[in-house]
Amino acid sequence: MPPPSLARPLAERSVEGADSGRDRSNQTKNILGTIETCIPALRRYSAALVRDRDKADDAVRHCLLQALDKLHTMRADGDVKSRLFAILHQILAKTMRRQRFRSVTGAMTVQYPNETGYKPERKEAGRQDHLLRGLDHLPERQRSVVLLISVENLTYTETATVLGISSRTVMEQLANGRERLRQTNAGLSPESGIIA
Amino acid sequence: MTHSAFFRTADIPIPEADLHAYVDGQLDAERTSAIRRYLLAHSDTARRVRDYLDQRDALRVALAHVAMEPIPIQLDLQRLIQQRLAQQHRWSVWRAAAGALLAIGLTTASMTGGWFLRGGIAVPAALEAKASSNDRLLDEIADYHAAYARETIHQVEVPASETAHIESWLGDRLHRRLQVPDLSSRGLEFTGARLLVVDGAPVADLVYHWPGREHQPVALCITFASGPEEAPRLAVRDDIQQISWQHNGYAYVIAGWMNPTTLQELANELMPQLGMQA
């Protein structure tokens, strides 16, 4: 996947004027830099769970604001990414609860508005649509686990932290989610073959 | 999970968890090749694993466009920081972020990033503190004090009439119960308070004055200690006299234009009042 298009990263801007407290300001800078590089992934996860792109971005916005509030509890070398996903997940859980409350079945199968003008081949698009619809029908926790691991590349431990569940539960949900998704998308994969 | 070489044959069923860990590349090389061997011999499982791999790729492809879009302006981190700065009352952390990012004017040097406080314990600030941090604190307080003393209306952020608010606000920042000490026995009136930030750590600045000498206020500053207990010692910065000590995790500084004896007397008056709260 191509790197997200970012303007000059925050880590490279700023603090020319500061002349003391370098270590700590560098640490803050690193954390903010890491936060910034996570934004595309946060948006992706949010959009995958909340189909309304405005609502999805709104959740990310709240997530970033909360993260900024918790900046002093974050370590540059540590867990910034999973902390961000954990915050975002909390916010999304609320959003989804509200959405579920309001939505009548049809509302859940909205297609992805495609702001980049990226147009997959029709057949490809059909497959993707099918896959994402399958994802929508997974129980919430399975969906999150599958997305965090398959798409966001979080480790099992990180995923457990983000969702506040045990690693064992992560494994179960992952296995169930993937299998369920596989079956609803039975036509998705090509002929069987041997794993290289 | 340790599997002895003896059991690592192509016929021992692979736990489901390991199949997924294989899909996600979260296994070590040895286990990975053991699973490969197993899959070569078990085409049903191999097919399933291949489906999982495809599914993983397909999900990534299907969602990739979201992450490739330019970041909308409302998610611009710099902007969010500025918004927060504008609205935040809790600005101690904010100033830290701002110092690192925005290089705002003359206050930048004193607000460059900071780590303090986690559940009431001054963690990294205390750990990272250099021997000179107390000197820096004294420098900064003297500078602030000299700058704010000239002000008339804005000498303090919150006036003495809102003492209750001051106590809860600054007490919150310092994670302690804070009572504004009474120095009337020394002829000092409480003017009000402001929050300073030194190296990212909040400093409660309680300002007093002698009636008629409003432009020569006395500051009592309280912040997190950067070192162990320390008995009161005198210092001077330009013409500002200071006395500082550290007790029970907090650093105290009194600063003002007065002779060292008066300063010492103020410290003697204050220490029991503060010690009881600490």
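The listed protein sequences derive, respectively, from chains A and B.
Every position in the first sequence, counted from 1, becomes a number in the working numbering once 7 is added.
Every position in the second sequence, counted from 1, becomes a number in the working numbering once 478 is added.
By construction, the Cβ of each residue, glycine as well, lies at the ideal position given by its N, Cα and C atoms.
{"Query": "Is the CB of A:Leu170 under 9 Å away from at least one CB in chain B?", "Result": "no"}
{"Query": "With 16 other CB atoms within 10 Å as the buried threshold, where does A:Glu1 fall?", "Result": "Residue 1 of chain A lies beyond the residue range present for chain A, which begins at 8 and ends at 203; the question has no answer from this structure."}
{"Query": "Between B:Ala499 and chain A, is the shortest Cβ-Cβ distance under 9 Å, so that the two count as touching?", "Result": "yes"}
{"Query": "At a cut of 8 Å, does the segment 635 to 649 of chain B reach the segment 703 to 716 of chain B through at least three beta carbon pairs?", "Result": "no"}
{"Query": "Anything in the segment 36 to 49 of chain A with a Cβ closer than 7 Å to a Cβ of chain B? List those residues in chain order, please.", "Result": "Lys36, Leu39, Ile42, Glu43, Ile46, Pro47 and Ala48"}
{"Query": "By the criterion of Cβ-Cβ separation under 9 Å, what are the contact partners of A:Thr162 in chain B?", "Result": "Asp502 and Gln504"}
{"Query": "Quick one: residues in its chain with C-beta nearer than 7 Å to the C-beta of B:Thr669, no 5 flanking neighbours on either side, listed in chain order?", "Result": "Gln633, Val634, Ala638, Val685, Tyr686, His687 and Pro695"}
{"Query": "Measure the alpha-carbon distance for B:Leu748 versus A:Asp59 and round it to whole angstroms.", "Result": "59 Å"}
{"Query": "In terms of alpha-carbon separation, which member of B:Val681, B:Ala495, B:Gly649 and B:Pro750 lies closest to B:Val731?", "Result": "B:Val681"}
{"Query": "Who are the neighbours of B:Pro550 on chain A, taking C-beta pairs under 7 Å?", "Result": "Asp64"}
{"Query": "B:Ile721 bridges to which residues according to DSSP?", "Result": "B:Leu712 and B:Ile732"}
{"Query": "Grab me the residues of B:Asp496's own chain with a C-beta within less than 8 Å of its C-beta, minus the 5 sequence neighbours each way, in chain order.", "Result": "Met479, Leu505, Arg509 and Ile513"}
{"Query": "Taking only the alpha-carbon atoms, compute the straight-line gap between A:Thr112 and A:Arg189 and give it to the nearest angstrom.", "Result": "Per-residue confidence for A:Thr112 stands at a pLDDT of 39, beneath the threshold of 50, marking its modelled position as unreliable; the derived number appears in the next sentence. For A:Thr112 and A:Arg189, the distance between alpha carbons rounds to 22 Å."}
{"Query": "Kindly indicate if chain A contains any beta-carbon less than 9 Å away from that of B:Glu708.", "Result": "no"}
{"Query": "May I have the straight-line CA-CA distance separating A:Gly141 from A:Gln97, to the nearest angstrom?", "Result": "23 Å"}
{"Query": "Looking at the unbroken alpha helix (DSSP H) that takes in B:Ile551, where does it start and where does it end?", "Result": "Per DSSP, B:Ile551 belongs to no alpha helix (DSSP H) and is neither H nor E."}
{"Query": "Is the CB of B:Tyr622 under 9 Å away from at least one CB in chain A?", "Result": "no"}
{"Query": "Inspect the beta-carbon positions of B:Pro738 and B:Leu712 and report whether they are closer than 9 Å.", "Result": "yes"}
{"Query": "By the criterion of Cβ-Cβ separation under 7 Å, what are the contact partners of B:Arg559 in chain A?", "Result": "Checking the displayed sequence, the identity of residue 559 of chain B turns out to be Ile instead of Arg. Going along chain A in sequence order, the residues near B:Ile559 (Cβ under 7 Å) are Leu75."}
{"Query": "If you reduce the DSSP assignment to three classes, tell me which class B:Asp677 lands in.", "Result": "coil"}
{"Query": "Under the rule that 16 or more other beta-carbon atoms within 10 Å means buried, what is A:Ser199, buried or exposed?", "Result": "Its pLDDT being 36, under 50, A:Ser199 is placed unreliably in this model, and the value from its coordinates should be taken loosely. A:Ser199 comes out exposed."}
{"Query": "Run through the segment 615 to 689 of chain B for me and flag every whole beta strand (DSSP E) of 3 or more residues, listed as ranges in chain order.", "Result": "667 to 676 and 679 to 687"}
{"Query": "Against chain B, does A:Arg20 count as a neighbour if the rule is that its beta carbon must be under 9 Å from one of theirs?", "Result": "Since pLDDT at A:Arg20 reaches only 41, below the 50 mark, its modelled position is unreliable, and the value read off the structure follows with that caveat. Interface residue, yes."}
{"Query": "DSSP beta-bridge partners for B:Ala697?", "Result": "B:Val685 and B:Ala733"}
{"Query": "Can you pull the chain B neighbours of A:Ser157, defined as C-beta to C-beta under 8 Å?", "Result": "Asp502, Gln533, Arg534, Leu537 and Arg538"}
{"Query": "Distance, Cα to Cα, A:Thr191 vs B:Arg557?", "Result": "43 Å"}
{"Query": "How would you list, in chain order, the residues of chain A whose beta-carbon sits under 8 Å from the beta-carbon of B:Ala495?", "Result": "Met178 and Ala182"}
{"Query": "A:Val177 lies in the alpha helix (DSSP H); which residues open and close that run?", "Result": "Ser174 to Thr191"}
{"Query": "Compute the beta-carbon to beta-carbon distance between A:Val153 and A:Leu181, rounded to the nearest angstrom, for a pair I have assumed lies under 8 Å.", "Result": "7 Å"}
{"Query": "Look at the alpha carbon of A:Ser196 and the alpha carbon of B:Pro491, and state the distance between them as a whole number of angstroms.", "Result": "Only weak support is given to the placement of A:Ser196: the predicted model assigns it a pLDDT of 42, under 50, and the value that follows is read from those uncertain coordinates. A:Ser196 and B:Pro491: Cα-Cα distance of roughly 24 Å."}
{"Query": "Does any residue of chain A bring its CB to less than 9 Å from the CB of B:Gly678?", "Result": "yes"}
{"Query": "Per DSSP, what kind of secondary structure is B:Asp496 in: helix, strand or coil?", "Result": "helix"}
{"Query": "Within the 9 Å Cβ cut-off, does A:Arg148 reach chain B?", "Result": "no"}
{"Query": "May I have the straight-line CA-CA distance separating A:Pro10 from A:His144, to the nearest angstrom?", "Result": "Reliability of the predicted coordinates at A:Pro10 is poor, the pLDDT of 41 falling under 50, and no value is obtained from them."}
{"Query": "Compare the C-beta of A:Arg185 against all C-beta atoms of chain B and say whether one is closer than 9 Å.", "Result": "yes"}
{"Query": "Determine the contact status of A:Met178 and B:Glu494, defining contact as a CB-CB distance below 9 Å.", "Result": "yes"}
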